[in-house]
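Enquirer:
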Amino acid sequence: MPHQLSIMYFSWVKERIGRDQDVIDCPENAETVGQLLEYLRIKDAVYQDVFADLNKLRFALDQDFVGLEAPLRSAKELAIFPPVTGG
Amino acid sequence: MISITVQENDFESGAEINRLAAIGGGAISSFVGQVRGDGKLRALELEHYPAMTEKALRKIAVKASEQWALHGITIIHRVGRLQVGEQIVLVCTCSDHRQAAIEACSYIMDQLKTVAPFWKKEILQDGTENWVEERQSDLDAAQYWKS
Chain H
1 MPHQLSIMYF SWVKERIGRD QDVIDCPENA ETVGQLLEYL RIKDAVYQDV FADLNKLRFA
61 LDQDFVGLEA PLRSAKELAI FPPVTGG
Chain Y
1001 MISITVQEND FESGAEINRL AAIGGGAISS FVGQVRGDGK LRALELEHYP AMTEKALRKI
1061 AVKASEQWAL HGITIIHRVG RLQVGEQIVL VCTCSDHRQA AIEACSYIMD QLKTVAPFWK
1121 KEILQDGTEN WVEERQSDLD AAQYWKS
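As you go down the protein sequences, you meet chains H and Y in turn.
All letters in the first sequence, in the order written, are residues 1 to 87 by our numbering.
All letters in the second sequence, in the order written, are residues 1001 to 1147 by our numbering.
Have a look at this one:
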């Protein structure tokens, strides 16, 4: 059974996608963050555009920083954003 | 004692430092960051990832307290719209010894700039807006503590 995943966007990622989150049914063949991004890029031209350069993006899975190779497993929340600039 | 606060409102840095100093130890170090104006900047808009921010800041504070003998750590980070000259961030550490307090304070700031989920947008005098990009010098500073 597909599990639901919330995808949160911040900063210019949010502005360019035009909303702050999506809730998707995680496809079974997307086992990692990178594979899920690939799936989204094929699915929608907006993702294709915003996720074109993965070097400019950072990811957090259930509020912990992860890389593209991180397994999604039963994660509930994926966040996609540019490098942080606080402080 | 670790105190983490993310808020829109301004803070009283003196009162915060005194509160931490009251724990005892005698060595208190603090850093206050303000919005730097370069003539073109009108304000900063600070966005964050609420569900993750406190978790990330607490992780940094816990790592600092494992590395240095500290009595307490206070981190306050503001979000929302901030005008030039306003305070953005306070980090304060309290220890028995000067070096531990100063180094831990510096470590926390360096980590905060690279692993806490905040994003700054500059709003310029002419109305244009841009998202601030990460700086290599900040990455280098955070890396320094790993060596």
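Note that CB positions come from ideal geometry on N, CA and C, so glycine has one too.
Residues of chain H with CB closer than 9 Å to the CB of Trp-1131 (chain Y), please, in chain order.
Expert: Ser-11, Trp-12, Glu-15, Pro-82 and Thr-85
Enquirer: Taking buried to mean at least 16 other C-beta atoms within 10 Å of its own C-beta, is Thr-1053 (chain Y) buried or exposed?
Expert: buried
Enquirer: Check this for me: beta carbons of Ile-1123 (chain Y) and Thr-1093 (chain Y), under 8 Å apart or not?
Expert: no
Enquirer: Identify the contact partners of Arg-1145 (chain Y) in chain H, using a Cβ-Cβ distance below 7 Å as the criterion.
Expert: It should be pointed out that residue 1145 (chain Y) corresponds to Trp in this sequence rather than to Arg. Those within 7 Å of Trp-1145 (chain Y) in chain H number zero; the least Cβ separation is about 15 Å.
Enquirer: Figure out for me which residue from H:Ala-60, H:Val-13 and H:His-3 has the closest Cα to the Cα of Gly-34 (chain H).
Expert: H:Ala-60
Enquirer: Buried or exposed: which applies to Glu-1047 (chain Y), given that a residue is buried once 16 or more other Cβ atoms fall within 10 Å of its Cβ?
Expert: Counting C-beta atoms within 10 angstroms of its own C-beta, Glu-1047 (chain Y) has 16 or more neighbours from the protein chains shown and is therefore classed as buried.
Enquirer: Identify, in the order they occur along the chain, each residue of the same chain with its Cβ nearer than 6 Å to the Cβ of Leu-37 (chain H), setting aside the five sequence neighbours on each side.
Expert: Phe-51
Enquirer: Compile a chain-ordered list of the residues in the segment 34–61 of chain H whose CB is closer than 7 Å to at least one CB of chain Y.
Expert: Ala-60
Enquirer: Assuming Ser-1030 (chain Y) and Trp-1068 (chain Y) form a contact by the criterion Cβ under 8 Å, report the distance between their Cβ atoms to the nearest whole angstrom.
Expert: Contact doesn't hold; Cβ gap of about 15 Å is too wide.
Enquirer: Report the CB separation of Gln-1087 (chain Y) from Asp-1010 (chain Y) in whole angstroms; it is logged as a contact under 8 Å.
Expert: 6 Å
Enquirer: Residues in its own chain within less than 7 Å of Tyr-1049 (chain Y) by CB, not counting five upstream and five downstream?
Expert: Pro-1117
Enquirer: Run down chain H in chain order and give the residues with a C-beta less than 8 Å from the C-beta of Ala-1116 (chain Y).
Expert: Val-84, Gly-86 and Gly-87
Enquirer: Do Phe-81 (chain H) and Val-23 (chain H) come within 8 Å of each other at the CB atom, strictly closer than that value?
Expert: no
Enquirer: Is the beta carbon of Val-1089 (chain Y) closer than 8 Å to that of Ala-1043 (chain Y)?
Expert: no
Enquirer: For Leu-78 (chain H), list the residues DSSP reports as bridge partners.
Expert: H:Ile-7 and H:Leu-61
Enquirer: Is the beta carbon of His-1071 (chain Y) less than 8 Å from the beta carbon of Gly-1033 (chain Y)?
Expert: no
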